[in-house]
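Some notes on the structure that comes next.
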């Protein structure tokens with residue numbers, strides 16, 4: 008069974024308004040009860056206001072690795088990550104990791 012091993016805030020950029028934020032996360036996801044098992048994924052939590060500014064500058068943004076929310080709430084973020092993990096469970100670990108990479112950016116060793 009896959010689980011969150013560690014969820015950490017890596018970077019944050021808060022605008023002048025409460026509805027203007029961009030927060031980067033790293034999440035280590037691995038098999039429950041097995042030390043050392045896990046793969047690192049990254050994602051950003053971004054407000055619609057900040058996303059509008061990003062798109063204004065880049066003209067297009069690909070959505071993989073973004074969670075978009077109006078009001079920053081770490082409990083909602085943890086819950087959403089857990090829901091995604093549940094959806095991606097698979098008896099084959101590699102298949103599960105590939106499924107997770109549809110939602111998050113997989114930080115694979117090179």
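In the working numbering, the protein residues as written are 8 to 117. Heads up, the beta-carbon is just placed ideally off N, CA and C, and yes, glycines get one too.
Within 10 angstroms of its Cβ, does residue i collect 16 or more other Cβ (buried), or is it exposed?
i, result
"residue 134", "As shown, the chain starts at 8 and ends at 117. That puts residue 134 outside it, with no answer to give."
"residue 51", "buried"
"residue 42", "exposed"
"residue 103", "buried"
"residue 91", "buried"
"residue 54", "buried"
Determine the extent of the beta strand (DSSP E) in which residue i is found, giving its start and end residues.
i, result
"residue 16", "9 to 21"
"residue 73", "73 to 75"
Locate the alpha helix (DSSP H) running through residue i, then write down its first and last residues.
i, result
"residue 92", "81 to 94"
"residue 41", "First-last for residue 41: undefined, no H or E at that position."
"residue 64", "55 to 65"
Give the secondary structure of residue i by DSSP, where H, G and I count as helix, E and B as strand, and everything else as coil.
i, result
"residue 102", "helix"
"residue 117", "In this prediction, residue 117 scores a pLDDT of 48, lower than 50, which makes its location untrustworthy; the coordinate-derived value is nonetheless stated afterwards. Of the three classes helix, strand and coil, the one that applies to residue 117 here is coil, per DSSP."
Please look up how many angstroms separate the CB atoms of residue i and residue j, rounded, as I've assumed it's under 8 Å.
i, j, result
"residue 35", "residue 13", "4 Å"
"residue 113", "residue 48", "6 Å"
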